[in-house]
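Taking it in order: structure first as structure tokens, then the write-up.
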Ligand SMILES: [Zn+2]
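In this note's numbering, the protein residues as written are 1198 to 1419.
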């Protein structure tokens, strides 16, 4: 199993060079700078994309980076339990909902019953953001995009982020902290082929974050 080979490289390399960091994490506990709700998709690893260290980010990855609404009904709510721990006990100052291009969960939501494959859990889970599907299909229709066009998928992926951000605010202890200025919530979108991150702005649009090179002053013209 080549994951074990990777573990051995970690032990010889990163761990050896950062032993002190791991010892501090063990004795002082975690104080993550942010919580990220990302997708389980193997191509979108937030620790890799944001170049973070162990201890930096409290992470939840689920199908399609979804935040369910606040429903304290005694059922099994894994994502909500993680939110409660991060917000009420670790008091993270930021929550990021990180969506991405080519999301399989969002593709399933768009197909909705059209794949011919019944799922036990995926369809009910994706129905949490069913409004994202309706909004995306309506916008796509206006813009002349086919329901299965890449543009429609991107619209739905980004609407899914908006729906999850709205659901975050249904948790009373999140809404209170946001109101008090103790917690900020963010919607981000990662495009796999271009490696580009876009951020949802106050104008409700996603805009690409300039890479460092883009921000550097332009060379003098000849
Ligand atoms: Zn995904």
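No residue lacks a Cβ here, since even glycine has one placed at the ideal position from N, Cα and C.
Three-state class that DSSP yields for residue 1245 in the structure shown: Three-state result, residue 1245: helix.
Less than 8 Å separating the Cβ of residue 1272 from some heavy atom of ligand 1? No; taking the cut-off as 8 Å, the Cβ of residue 1272 has no heavy atom of ligand 1 nearer than that.
Expressed to the nearest angstrom, what Euclidean distance is found between the alpha-carbon atoms of residue 1320 and residue 1342? Approximately 24 Å between the Cα atoms of the pair.
Sorted by chain position, which residues of the same chain lie with C-beta nearer than 8 Å to residue 1378's C-beta, five sequence neighbours on each side aside? The answer is none, since no qualifying residue turns up.
Closer than 6 Å to ligand 1: residues, by C-beta to nearest heavy atom, in chain order: The set, ordered by position in the chain, is 1236, 1238, 1261, 1297, 1300, 1301 and 1302.
DSSP-derived helix/strand/coil call for residue 1277: Correct three-state label for residue 1277: helix.
Between the Cα of residue 1407 and those of 1323, 1234 and 1391, spot the shortest distance and give me the residue it belongs to. Nearest in C-alpha terms to residue 1407, of all of 1323, 1234 and 1391, is 1391.
Can you list, in chain order, the residues of its chain with a C-beta nearer than 8 Å to that of residue 1403? Leave out the 5 residues immediately preceding and following it. Result list for residue 1403: 1355, 1384, 1386, 1395, 1396 and 1397, in chain order.
With a floor of 4 residues, list each alpha helix (DSSP H) that falls wholly inside the stretch 1327 to 1392, ordered by position along the chain. Those alpha helix (DSSP H) runs which fall completely within the stretch 1327 to 1392 and span 4+ residues are 1327 to 1340, 1347 to 1365 and 1369 to 1376.
Measuring straight from C-alpha to C-alpha, what distance separates residue 1364 and residue 1266? Looking at the two C-alpha atoms, the distance is approximately 5 Å.
In the structure shown, what three-state DSSP assignment does residue 1284 receive? Helix, per DSSP.
At a cut of 8 Å, does the stretch 1278 to 1295 reach the stretch 1217 to 1234 through at least three beta carbon pairs? Touching, per the Cβ criterion.
Which of helix, strand or coil DSSP assigns to residue 1318: In this structure, DSSP gives residue 1318 a state outside helix and strand, which the three-state scheme calls coil.
Secondary structure of residue 1198, DSSP reduced to three states: Coil.
Could you check the C-alpha separation between residue 1361 and residue 1224 for me, to the nearest Å? If I take the Cα positions, the gap works out to 34 Å.
With distance defined between alpha-carbon atoms, name the residue in 1368, 1405, 1275 and 1218 nearest to residue 1251. The shortest CA-to-CA distance from residue 1251 to any of 1368, 1405, 1275 and 1218 is the one to 1218.
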